[in-house]
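Q: In the working numbering, the protein residues as written are 61 to 152.
Using N, Cα and C, we set each Cβ at its ideal position, and we do this for glycine too.
Model, not experiment: these values are computed from the prediction.
Handing you a structure now.
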Amino acid sequence: GFVLLNQSVLLRGVNDKVEVLEELCRELMYRLGVKPYYLHHGDLARGMAHRRTTIAEGQALVAELRRRLSGICIPTYVIDLPDGGGKVPLAA
């Protein structure tokens with residue numbers, strides 16, 4: 061067997077509501093068998109500032125997911141450090 065993992069980016073106006081993230085995580089895990097692995101804080105990319113949430117907003121969303129979902133359905137909220145510094149978890 062094998063394990064499939066999902067990495068999603070948190071985007072304002074797309075998936076920044078807890079109901080949307082909850083549905084995404086449930087569908088991934090229970091319908092598709094894909095583990096919600098990482099929820100990325102949006103990078104500083106040209107033309108994307110309007111889609112970035114604050115870190116605090118993302119942390120609040122993940123905290124609410126923890127109240128609504130079982131542990132296996134909770135993605136780790138991370139930020140990618142610039143210049144290849146890697147992913148760093150953002151505590152919720």
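Am I right that R111 and G118 are in contact with their C-beta atoms under 8 Å? What's the rounded C-beta distance?
A: Within the sequence shown, the letter at position 51 stands for residue 111. Within the sequence shown, the letter at position 58 stands for residue 118. Going by Cβ atoms, the distance from R111 to G118 rounds to 12 Å, so no, they are not a contact pair.
Q: From the DSSP output, in three-state form, read off L141 for me.
A: Position 81 of the sequence shown, counted from the start, is the residue given in the question as residue 141. Strand, per DSSP.
Q: Can you round the beta-carbon distance between L81 and N66 to whole angstroms, since I take them to be within the 8 Å contact cut?
A: Taking the first residue of the sequence shown as position 1, residue 81 is located at position 21. Taking the first residue of the sequence shown as position 1, residue 66 is located at position 6. Rounded, the Cβ-Cβ distance is 12 Å, inconsistent with contact.
Q: With 16 other CB atoms within 10 Å as the buried threshold, where does P135 fall?
A: By one-based count along the sequence shown, residue 135 stands at place 75. P135 comes out buried.
Q: Within the stretch 97-137, note down every full alpha helix (DSSP H) run reaching 4 residues or more, in order along the chain.
A: Taking only runs of at least 4 residues, the alpha helix (DSSP H) segments lying wholly in the stretch 97-137 are 115-128.
Q: Measure from the alpha carbon of L71 to the alpha carbon of each residue in C133, D143, L104 and I132, then state which is nearest.
A: For the purposes of this step, residue 71 is taken as the residue at position 11 of the sequence shown. The residue with the shortest Cα to Cα distance from L71 is L104.
Q: If you count every other CB in all the chains shown that lies within 10 Å of the CB of P149, and 16 or more means buried, which is it?
A: As a first step, residue 149 is located in the sequence shown; it is residue number 89 there, counting from the start. The residue is exposed, with fewer than 16 neighbouring Cβ atoms inside 10 Å.
Q: Scan the stretch 61-89 and note each continuous alpha helix (DSSP H) run of 4 residues or more that stays entirely inside, going in chain order.
A: Here the runs fully enclosed are 78-86.
Q: Going by DSSP, name the residue or residues bridged to G93.
A: For the purposes of this step, residue 93 is taken as the residue at position 33 of the sequence shown. DSSP output for G93 lists no bridge partner at all.
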